[in-house]
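Residues in the sequence shown are numbered consecutively from 338, following the working numbering. Below is one structure; the comments refer to it alone.
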Amino acid sequence: MAERILQGLPAAPGLAVGRARLAHARVESRARVPEPRRPLEVQRARAALSAAGAELEALATRLDAGGRGDEAEIVRTGVLMAEDPGLIADVEHAVLDGLPAPAALEAACARHADAIATLGDPTLAARADDVRSLGRRAIRLAAPHAAGDEPPPGVDTVLVADELGPADVAELGPDVVAIALAAGGPTAHAAVVARGLGLPMAVGLGPELLTAPAHEPVVVDGGSGVGVLTPGATRVEAAAAAQRERRAEHEQALLDRDLPAVTRDGHRVRVLVNAATRAELDAGLAAGAEGVGLMRTELAFLAAAQWPREADHRAAMAPVLSALGGRTATVRVFDFGADKTPPFLAGTAERGLELLLAHPDALDAQLRATLDLGRECDLRILLPMVESAEQVRAVQAAVARALAAVPGAPAPALGAMIETPAAVAAAAQIAAAADFLSIGTNDLAHAVLGSDRFGGGGAAPAHHPRVLAAMAATARAAAGARVILEVCGEAASEPASVPLLVGIGADELSVGAARVGAVRGWIRSLRRDEASRAAAAALDTVSEADAAVLGEALLLEGRDAAGERVERNGRILAVGPEA
Ligand code: PEP
Ligand code: MG
């Protein structure tokens with residue numbers, strides 16, 4: 338059979354193959370059910386709703402047992418919704434009007450979700466997603482072909498769905514090797530979780546995806562946003578090989594989790610995890626992360642209808658902060674704006690800290706919740722898109738206000754992100770006002786190279802000599818003020834950049850959970866003195882390609898010592914140690 342290649346959008350990189358598992362049974366038919374059969378159909382719909390509630394209760398119990406009580410509580414709201422008399426009555430009416438059970442569940446849950454979403458409350462907006470998610474679960478259970486639709490345990494599967502929520506991705510079992518969505522967006526929450534977990538994901542593949550025959554192979558190329566139905570043998574083998582490599586890397590990371598991230602000449606670099614969800618945190622800690630280096634708090638509120646209140650912050654942050662114990666928790670205050678603009682901020686031109694400082698009540702609410710929840714952690718507050726030392730001082734005043742309102746909470750360290758050329762120019766003053774600096778390489782690289790991060794402006798490599806010069810200037814400012822320098826953009830986990838970042842003096846690298854093990858291994862394979870020389874040489878190059886060679890060469894040289902595999906843009910540069 339010919340391959341069916343579906344072009345969508347890349348959401349999480351990586352190539353994988355697995356048997357199709359349809360996450361939610363589709364609503365196959367809306368044909369009217371003959372009247373005499375409707376009472377039976379009502380029973381089917383009610384049974385599916387209550388079975389969906391039972392599934393969620395079982396999930397909540399598992400989460401409780403795993404010490405994830407806060408998430409269990411969230412899941413249990415779905416259990417309560419499944420028992421909501423209003424929802425049950427709505428489903429029954431829809432069936433008695435003639436809809437088959439799956440279509441009735443879909444219609445009733447959509448109606449309830451829409452009604453909740455229009456109330457304009459951010460907490461309730463999240464509940465609207467929960468009702469939709471409950472509906473999808475119930476539809477799967479009501480569908481006549483549901484039984485036996487899943488590949489047997491132990492078989493690699495590709496989760497095929499129309500859309501998924503972040504919780505759906507976070508609860509996936511080990512058999513799921515990739516995700517393919519007919520709809521969905523690359524910046525959606527679910528994509529963020531998938532990236533953190535190292536699960537390849539392609540989105541926007543179109544309705545044809547949902548015709549994928551259950552149990553048949555599907556290839557997902559999350560880097561290029563392609564899904565392939567009925568893939569040919571060569572394509573399947575390439576994807577299987579990529580998957581084996583990722584698995585080996587993951588297993589190695591778990592084995593090496595207790596090895597220190599210290600260079601061969603004895604220089605320690607802290608590796609932290611970028612985590613907005615508990616699943617990312619767990620995966621990062623399992624691979625040896627020393628804490629959270631970047632918690633993007635805004636991701637939990639991208640659908641919000643108003644500035645979140647203190648209670649909303651608590652609900653969103655508790656699953657991560659409560660699991661950190663005394664480890665570092667770097668909570669970034671809201672970085673709304675650009676591609677992270679919730680409906681209530683539509684049309685706003687400001688971004689990051691500037692926007693937040695224009696809404697002091699919103700900042701105060703976030704700070705109070707963070708200080709209270711972060712009491713047990715080594716809490717650091719991070720400020721996005723800082724442009725001046727005055728802004729840092731304005732937040733210091735807000736932190737003092739919040740501390741007065743949260744008795745007994747220790748004062749947190751305050752860090753400033755350096756993400757724009759203006760911030761680089763003011764880095765010395767910013768460093769003097771802050772307790773640490775953190776380079777946001779994603780924004781900084783685009784700004785320095787003049788490409789549009791959000792408008793398909795193409796790649797902006799952070800190892801480009803001009804970006805490197807901006808980062809080196811930031812490192813000098815941090816050293817001059819004797820404050821820690823963290824790097825938390827994507828470059829902190831790219832093989833061409835990591836040696837150069839260590840070379841310019843980064844003390845901490847904060848990376849996606851799936852890259853924690855690899856980055857720790859790379860640090861063990863480096864010598865700091867060689868990295869410094871390579872960084873100095875890279876600053877003198879004129880092209881990103883020359884700078885990349887200098888960075889990667891160090892990892893290649895160090896591979897025998899560390900037994901690491903070095904990969905760039907999907908191309909294997911080295912698989913060590915050599916026999
Ligand atoms: C960055 O810009 O590198 C960064 C970490 O912030 P974000 O990706 O959330 O904009
Ligand atoms: Mg940024």
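Think of the CB as a built atom: it goes at the ideal place given N, C-alpha and C, for glycine as much as any other residue.
Strand pairing of G502, partner residues [DSSP]: Answer is none; G502 lacks a bridge partner.
Which listed residue (A706, R584 and L566) has its alpha carbon closest to that of S659: When only C-alpha atoms are compared, the closest one is A706.
Proximity test, Cβ basis, 7 Å: R857 and chain B: The question asks about chain B, but that chain is absent: this structure has only one protein chain.
Under the three-state DSSP convention, the category R356 falls into: Note: R356 maps to strand in three-state DSSP.
Any non-hydrogen atom of the ligand PEP closer than 6 Å to R469 Cβ: no
Expected contact under 8 Å - CB spacing of M632 and V668 to nearest Å: 5 Å
Cβ neighbours of I821 in the same chain (closer than 6 Å, five flanking residues each side left out): F773 and D844
Under 7 Å between C-beta atoms of V497 and A348: no
Range covered by the beta strand (DSSP E) that runs through G752: Where G752 is concerned, the enclosing beta strand (DSSP E) stretches over A750 to I755.
Opening and closing residue of the alpha helix (DSSP H) in which R870 lies: Taken as a continuous stretch (DSSP letters only), the alpha helix (DSSP H) holding R870 covers R865 to L876.
Length-filtered (4 minimum) alpha helix (DSSP H) runs lying within the stretch 533-597: 570-592
Proximity below 7 Å, CB of P537 to CB of V556: Against a cut-off of 7 Å, the Cβ pair of V556 and P537 comes out as no contact.
The stretch 749-768 contacting the stretch 710-727, beta-carbon criterion three pairs below 8 Å: yes
The ligand MG heavy atom lying under 6 Å from the CB of D676: no
Any non-hydrogen atom of the ligand MG closer than 6 Å to N779 Cβ: yes
Residue environment, A590, which counts as buried when at least 16 other CB atoms sit within 10 Å: buried
A402 burial status per 10 Å Cβ neighbour count (16 or more: buried): With fewer than 16 Cβ atoms within 10 Å of its Cβ, A402 is classed as exposed.
Cβ pair A868, L887 closer than 7 Å: no
Own chain partners of A576 with C-beta closer than 7 Å, once the 5 adjacent residues on each side are dropped: L352, A353, V354 and V556
Cβ pair A967, R532 closer than 7 Å: Residue 967 falls outside the range modelled here, since the chain spans only 338 to 916, and no answer is possible.
Per-residue burial, A746 [other beta carbons within 10 Å of its own, 16 or more giving buried]: buried
M654, enclosing alpha helix (DSSP H) - first and last residue: E647 to L658
Identity of the residues DSSP links to Q344 by a beta bridge: V563
Proximal residues to G560 (C-beta, below 8 Å), its chain only, five neighbours per side dropped: P347, P350, G351, L352, P537 and G907
C-alpha distance - T811 paired with D780, whole-angstrom precision: 14 Å
E756 Cβ short of 6 Å to the ligand MG heavy atom set: yes
Assigned secondary structure, E687 (DSSP; H/G/I helix, E/B strand, else coil): coil
Beta-bridge partners of N611, as assigned by DSSP: L631 and G849
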